[in-house]
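Numbering (this note's numbering), first residue to last: 33 to 195.
Structure below.
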């Protein structure tokens, strides 16, 4: 039952929306809707057009995790839509780690030097995960001007990628 990480696009929109909204709304009670996240209905244009990417983690043909990259200038990008289905979290599957490793590898190959992300304080396990992966918490004011801030985000992190 080895997870497979592959680039995904619009044909997976329904599965992506189901996975993400379930985690946001039901598991963490975040008051967010699909209307607040129109990018999920047009992955190709939103993520790929600007040099970003979107990956899915599959176990037995089921989408169990996602991670996306929004490139907001030549050398800087933001991590978005990092979600793993509850039953597939943790070291046993290492899906979050595999998704992040895939994204970092892509960044390294595509001259992206700085990775940023925004999240919310309620996602404590996610924050610990990012910190274990050498992300440093930063103040919102320290973000690049072109960083695409999501309205719900109140915690921000940065990772300087090695050249």
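For each residue, glycine too, the CB sits at the ideal point set by N, CA and C.
Per DSSP, cross-strand counterpart(s) of residue 120: According to DSSP, residue 120 bridges with nothing at all.
Cβ neighbours of residue 132 in the same chain (closer than 7 Å, five flanking residues each side left out): Non-local beta-carbon contacts of residue 132 in its own chain, meaning distances under 7 Å to residues more than five positions away in sequence, involve 99, 165 in chain order.
Any non-hydrogen atom of the ligand NAP within 7 Å of residue 189 CB: Looking at this structure, you won't find the ligand NAP or any other ligand, since it has none at all.
Continuous alpha helix (DSSP H) stretch holding residue 52: start and end: 45-53 is the extent of the alpha helix (DSSP H) around residue 52.
Contact between the stretch 53-61 and the stretch 83-92 (3+ Cβ pairs under 8 Å): Fewer than three pairs of CB atoms, one per stretch, sit closer than 8 Å, so the stretch 53-61 makes no contact with the stretch 83-92.
For residue 194, three-class secondary structure by DSSP: Here residue 194 carries a coil assignment [DSSP, helix/strand/coil].
Given residue 105 as reference, the closest of 77, 181, 82 once Cα atoms are compared: Nearest option by C-alpha distance: 82.
Option in 69, 66, 95, 78 with minimal Cα separation from residue 44: Shortest Cα-Cα distance from residue 44 to any of 69, 66, 95, 78 involves 95.
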